[in-house]
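So the structure is just underneath, and the comments pick up after that.
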Amino acid sequence: MSGADTFTGMPQYVHRKGGPRARANFKGGIICMKNLKRVLCMSLAVVMILGMMVVGTSAANFTDNDEIVNTEAVDTMNALNIINGKGDGSYFDPKGIVTRGEMAKMICVALNGGRDPQLGTTAYSFTDTTGHWAAGYIEYCYNLNIVAGRGEGIFDPNGTVTGTEAAKMLLVSIGYDAANEGFTGAAWATAVDVRANQKDFYEDLETMNPAKGLTRDNAAQMVYNAIGATKVEYEYKLTTVNGILTTVAVVKDVAAGAKDTILKDKFDMQTSYGFMNGTVTYSSNNKEYTY
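Number 43 in numbering that gives the first Met the number 0 belongs to position 44 of the sequence shown; there are no gaps in the numbering.
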């Protein structure tokens with residue numbers, strides 16, 4: 000891309016400050032690339048890719064792109080390296096069901112800004128993850144209480160992950176405590192679904208049955224929603240229960256700021272809302288976009 004490109008009426012845009020995949024420095028918060036669909040350019044999905052001018056395969060280039068429903072989410076997750084294509088990367092398999100190991104990887108990479116963390120060699124907590132490709136991701140998430148086993152030392156990495164199970168993992172990723180929130184026990188699924196709806200994790204997933212296996216297409220949308228959701232934290236307050244002084248944990252959204260979402264905290268992306276009218280100019284000498 001060179002010269003000037005004019006964009007009018009764009010409702011949202013983001014500025015990403017550098018990053019490991021950036022190949023251009025942006026000034027003022029620039030917009031999208033030509034190879035993304037127009038509908039993507041009109042959404043938050045595209046603007047989260049700012050500063051990544053080379054994004055690899057987008058949904059528009061997958062051989063099965065006509066089967067993808069959540070195109071903005073898939074494009075964004077692919078560009079952020081959270082969810083990639085299958086095989087040689089040429090196809091996405093949107094209707095394929097996500098496994099528990101795959102979900103652990105998505106979350107692990109999201110929490111590390113689109114990169115694989117340095118996991119090293121470790122003693123694994125589950126008997127069925129040793130030697131599994133996702134063992135490191137699973138262990139990482141397990142140590143953060145994001146995932147739990149099936150019981151008796153089994154994780155079941157190749158087992159299907161349901162929408163509710165994925166939502167529980169993502170809710171813990173943004174700060175919820177599973178024990179405090181009732182994400183364990185007989186009614187755990189109801190507690191998770193209530194919180195997931197409150198945090199808009201199920202936005203644009205109205206036709207999804209969270210009790211069923213989560214498709215890759217819907218997983219992209221749910222993770223997309225989660226990384227933009229405001230993180231939470233707990234305040235501990237003293238109160239009297241049945242005449243006994245006790246401490247109660249009260250959950251609240253973190254204060255608005257530079258790290259109040261995974262998107263801002265881990266990907267160093269800032270979201271702005273409004274309309275933008277003007278000309279975007281690229282300088283090949285300075286390798287900068289300005290508007």
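Even for Gly, the Cβ is constructed at its ideal location relative to N, Cα and C.
None of these values were measured; they are calculated from a predicted model.
At a Cβ-Cβ threshold of 8 Å, F91 and I106 do not count as neighbours.
Judged by beta-carbon spacing, T126 lies beyond the 8 Å limit of E138, meaning their Cβ atoms are not closer than that value.
Annotation: the continuous alpha helix (DSSP H) that includes V193 extends over W187 to Q197. One thing to note: D176 has its Cβ within 8 Å of the Cβ of Y233.
Under the DSSP assignment, V250 falls in the beta strand (DSSP E) whose first and last residues are I243 to D252. Judged by DSSP in its simplified three-state form, E180 adopts helix. DSSP links V146 through a beta bridge to no other residue. For Y90, the beta-bridge partners assigned by DSSP are K85. P93 sits buried, since 16 or more C-beta atoms from the chains shown fall within 10 Å of its C-beta. Look at G100 here: in three-state DSSP terms it is helix.
With a beta-carbon spacing of about 7 Å, A166 and M221 fall inside the 8 Å limit used to define contacts. For E234, the enclosing beta strand (DSSP E) stretches over residues V231 to V240. Here the alpha carbon of G100 sits roughly 41 Å from the alpha carbon of V240. Less than 8 Å divides the Cβ of L79 from the Cβ of F266.
By the 16-neighbour rule on beta-carbons within 10 angstroms, K104 is buried. One thing to note: T163 has its Cβ no nearer than 8 Å to the Cβ of G212. Contact between N69 and D203 holds: their C-beta atoms lie close to 7 Å from each other, under 8 Å.
Shown here for R149: same chain residues with a beta carbon closer than 7 Å to its own, the five before and five after excluded, namely D155 in chain order. For V171, the enclosing alpha helix (DSSP H) covers residues G162 to S172.
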